[in-house]
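Trainee: Protein chains in written order, with my numbering: chain A, 1 to 308; chain B, 309 to 623. One structure coming up, written as structure tokens, with questions to follow.
See the structure below:
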């Protein structure tokens with residue numbers, strides 16, 4: 001199957017470490033001693049970028065940034081030394097807004113997935129391990145929630161309940177729970193039938209101990225890699241909501257998310273593209289990094305068997 | 309097999325019932341008051357009471373639910389407060405838009421993703437695989453609300469190849485204009501789907517290619533092409549099928565951001581408008597129909613699973 005010449009060409013062309021060749025051999029021959037694929041340099045680039053964005057989001061308040069809400073006289077000004085990314089229609093500094101926007105987008109993304117993991121993950125492990133009636137009931141519940149046009153429900157609830165950040169986080173978290181439940185249940189199912197779990201049961205370990213000490217460490221890589229991709233999905237979702245005016249209400253002085261910024265800048269797409277270009281680039285790079293990290297970790301820990 | 313199908317059918321009915329509950333009670337959480345939508349904010353209490361009575365809104369919520377459900381079972385989904393069209397006719401107008409959008413975009417997505425994935429899996433980790441996989445990663449990070457305005461800017465504002473937002477006409481009225489207006493929205497959706505299908509199928513094929521029966525097929529001297537398309541693709545197509553089911557399910561109403569940005573009057577668009585106008589009869593009717601469609605779709609896909617892989621029914 002594998003074509004060494006093409007493989008060599010590929011590695012040289014992309015400048016990847018030669019470890020890729022070893023992976024190719026593994027895949028092609030499928031022989032017993034499988035080595036873990038190396039993470040590769042791009043993994044570390046992505047990780048650094050995510051770390052940078054997270055750092056910026058956490059410390060936006062103490063970094064020497066302009067006030068993201070401060071309106072200056074330079075409206076729709078292009079990128080300059082004073083305003084690296086230019087200014088928006090109200091003369092606010094876009095660089096500062098992108099950094100502060102990261103805070104909002106990240107809180108929504110990680111917060112919602114955190115809630116989803118807490119609810120869906122716990123139930124998923126229980127259902128996948130206990131099986132039987134618990135499993136059937138929770139499983140049916142997840143199907144009902146998944147069949148529901150979740151976005152419409154989210155829009156409806158947000159318009160009823162309010163546009164505060166924590167409410168968006170909570171709602172998106174609840175609606176991400178059934179999907180996370182399915183992933184974690186599937187992972188637990190395949191793990192719970194393995195010999196070391198049976199051995200632990202035979203030794204008389206309690207269910208709680210088995211779930212915490214045997215099952216959890218084994219499904220953790222799958223959960224982490226899927227969660228990273230989940231965070232990216234939630235950030236996109238929040239952006240979509242922002243376009244419909246169903247996300248954080250920026251008129252009340254709240255800091256906009258990246259999605260809000262993209263929506264606000266949309267009217268100036270032709271005349272003053274920097275209003276949208278910079279938040280779009282920030283979002284693109286961050287989503288790319290998250291997806292890549294998630295995917296690479298999944299490969300690294302060989303959890304390809306876990307599917308939706 | 310019959311037992312399996314029967315079991316799934318019971319589950320289907322139960323889920324539909326629960327969804328109808330969800331649709332009804334969720335929508336009654338909506339902030340607006342339909343009488344205000346109908347009469348305007350200046351209406352006096354007496355007139356509001358009359359309208360409330362006409363619509364049956366003065367009855368207890370549970371009773372309202374069963375009245376609505378009874379009507380739905382008889383095929384009457386109610387009438388919009390704002391457009392005064394029946395919900396069924398609004399659905400009838402909106403659904404063909406989505407159907408067309410889904411059919412075109414999915415055909416494009418499969419036509420691109422399958423050959424790409426097969427080629428990439430055959431030569432895993434070669435230059436081709438790396439560029440294709442890298443490309444899909446990039447597309448994965450481009451949300452529809454970035455791609456759609458970008459495509460409009462390039463292809464309709466600057467190049468004038470395709471009409472801009474809001475140029476949709478029904479297929480039966482003017483097929484050429486219709487298809488022309490469908491290109492950009494279908495392209496945005498197809499791009500999103502290609503990524504999903506490609507990544508899934510590529511990874512799945514690589515795993516399948518390590519199985520013993522592939523080694524056996526190879527030992528028998530079958531050609532690479534035959535092994536890929538006849539032996540490897542069939543087991544891998546199960547997960548593709550599952551992904552396609554989930555994806556199409558979410559597209560039925562989930563294409564709303566594309567529809568909204570490109571002013572395409574599909575289900576997602578109509579739903580968003582109905583939510584914004586507190587037109588709750590339309591919202592609950594559409595949510596129910598969409599949820600049923602998704603459930604039925606999943607049912608069909610489960611059934612197809614059983615056909616592709618008969619072992620499933622034995623569980």
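Yeah, the Cβ is synthetic: ideal placement off N, Cα and C, and Gly gets one too. It should be emphasised that the depicted structure is a prediction, and the values quoted were computed from it without experimental measurement.
Can you find a CB in chain B that lies within less than 7 Å of the CB of residue 244/A?
Mentor: yes
Trainee: Around the Cβ of residue 233/A, are there at least 16 other Cβ atoms within 10 angstroms (buried) or fewer (exposed)?
Mentor: buried
Trainee: Looking at the structure shown, is residue 75/A part of a helix, part of a strand, or coil, going by DSSP?
Mentor: DSSP places residue 75/A in coil when its eight states are reduced to three.
Trainee: Identify which residue in 52/A, 187/A, 108/A has its Cα closest to the Cα of residue 124/A.
Mentor: Checking every option, the nearest Cα to that of residue 124/A belongs to 187/A.
Trainee: Give me, in chain order, the residues of the same chain whose beta-carbon lies closer than 7 Å to that of residue 127/A; leave out the 5 immediate sequence neighbours on both sides.
Mentor: 134, 135, 138, 139, 185
Trainee: Measure the C-alpha to C-alpha separation of residue 325/B and residue 149/A and round it to an integer number of angstroms.
Mentor: 15 Å
Trainee: State buried or exposed for residue 557/B, treating a residue as buried only when at least 16 other CB atoms are found within 10 Å of its CB.
Mentor: buried
Trainee: With a floor of 4 residues, list each alpha helix (DSSP H) that falls wholly inside the segment 533-569 of chain B, ordered by position along the chain.
Mentor: 541-562, 564-569
Trainee: Taking only three categories from DSSP, how would you classify residue 393/B?
Mentor: coil
Trainee: Closer than 8 Å by beta-carbon distance: list the chain B residues that pair up with residue 57/A, in chain order.
Mentor: Result: empty, since nearest Cβ-Cβ is about 18 Å, beyond 8 Å.
Trainee: Judging by CA-CA distance, which residue of 87/A, 227/A, 182/A, 60/A is the nearest neighbour of residue 70/A?
Mentor: 87/A
Trainee: Would you say residue 323/B lies against chain D (beta-carbon separation less than 7 Å)?
Mentor: In the displayed structure, chain D is absent; the protein chains listed are A and B.
Trainee: Taking residue 511/B as the reference, give the member of 475/B, 480/B, 424/B with the closest Cα.
Mentor: 424/B
Trainee: Please report the distance separating the alpha-carbon of residue 41/A from that of residue 394/B.
Mentor: Each residue's alpha carbon lies about 58 Å from the other.
Trainee: Does any C-beta atom of chain A lie closer than 7 Å to the C-beta of residue 330/B?
Mentor: yes
Trainee: Who are residue 93/A's beta bridge partners in DSSP?
Mentor: 87/A
Trainee: Excluding the 5 residues preceding and the 5 following residue 145/A in the sequence, name in chain order all residues of the same chain whose CB lies nearer than 6 Å to its CB.
Mentor: Result list for residue 145/A: 178, in chain order.
Trainee: Anyone know if the C-beta pair for residue 451/B and residue 169/A falls short of 7 Å?
Mentor: no
Trainee: Take residue 223/A as the anchor and find which of 299/A, 153/A, 50/A, 83/A has the nearest alpha-carbon.
Mentor: 299/A
Trainee: Looking at residue 171/A and residue 154/A, is the spacing between their C-beta atoms short of 7 Å?
Mentor: yes
Trainee: From residue 418/B to residue 59/A, what does the alpha carbon distance come to, in whole angstroms?
Mentor: If I take the Cα positions, the gap works out to 45 Å.
Trainee: Decide if residue 23/A is buried, meaning its Cβ has at least 16 other Cβ atoms within 10 Å, or exposed.
Mentor: Low local confidence applies: a pLDDT of 36 at residue 23/A is under 50, so the model's placement there is unreliable, with the coordinate-based value given in what follows. So residue 23/A ends up on the buried side.
Trainee: Can a CB atom of chain B be found closer than 7 Å to the CB of residue 153/A?
Mentor: yes
Trainee: Determine the burial state of residue 361/B: buried for a count of at least 16 other Cβ atoms within 10 Å of its Cβ, exposed for fewer.
Mentor: exposed
Trainee: Return no unless some Cβ of chain A is closer than 7 Å to the Cβ of residue 602/B.
Mentor: yes
Trainee: Given that residue 269/A touches chain B, what residues does it touch there, using C-beta distances under 7 Å?
Mentor: Going along chain B in sequence order, the residues near residue 269/A (Cβ under 7 Å) are 457, 461.
Trainee: Which chain B residues sit within Cβ distance under 8 Å of residue 76/A?
Mentor: The contact set of residue 76/A on chain B, defined by CB atoms closer than 8 Å, is empty, because the minimum CB distance reaches about 18 Å.
Trainee: Rounded to the nearest angstrom, what separates residue 479/B and residue 581/B at their Cα positions?
Mentor: 23 Å
Trainee: Is it true that the CB of residue 493/B sits closer than 7 Å to the CB of residue 579/B?
Mentor: no
Trainee: Which residues, taken in chain order from the segment 228-243 of chain A, show a beta carbon closer than 7 Å to some beta carbon of chain B?
Mentor: Going along the segment 228-243 of chain A in chain order, one finds 236, 239, 240, 243 with a Cβ nearer than 7 Å to chain B.
Trainee: With 7 Å set as the bound, which would you pick, yes or no: does the beta-carbon of residue 318/B sit closer than that to a beta-carbon of chain A?
Mentor: no
Trainee: Output, in chain order, the set of chain A residues within a Cβ distance shorter than 9 Å of residue 454/B.
Mentor: Under the 9 Å cutoff, chain A gives 239, 262, 276, 280, 283, 284.
Trainee: Can you look up residue 387/B in the DSSP assignment and give me helix, strand or coil?
Mentor: strand
Trainee: For residue 508/B, collect the residues of the same chain with a Cβ closer than 7 Å to its Cβ; drop the 5 residues on either side in sequence, then sort them by chain order.
Mentor: 547, 548, 551
Trainee: Please confirm if the segment 327-337 of chain B is in contact with the segment 595-609 of chain B, defined as three or more CB-CB distances below 8 Å between the two stretches.
Mentor: yes
Trainee: Enumerate in chain order the residues of its own chain whose CB-to-CB distance from residue 279/A is below 6 Å, with the five nearest sequence positions on each side excluded.
Mentor: 98, 258, 261, 262
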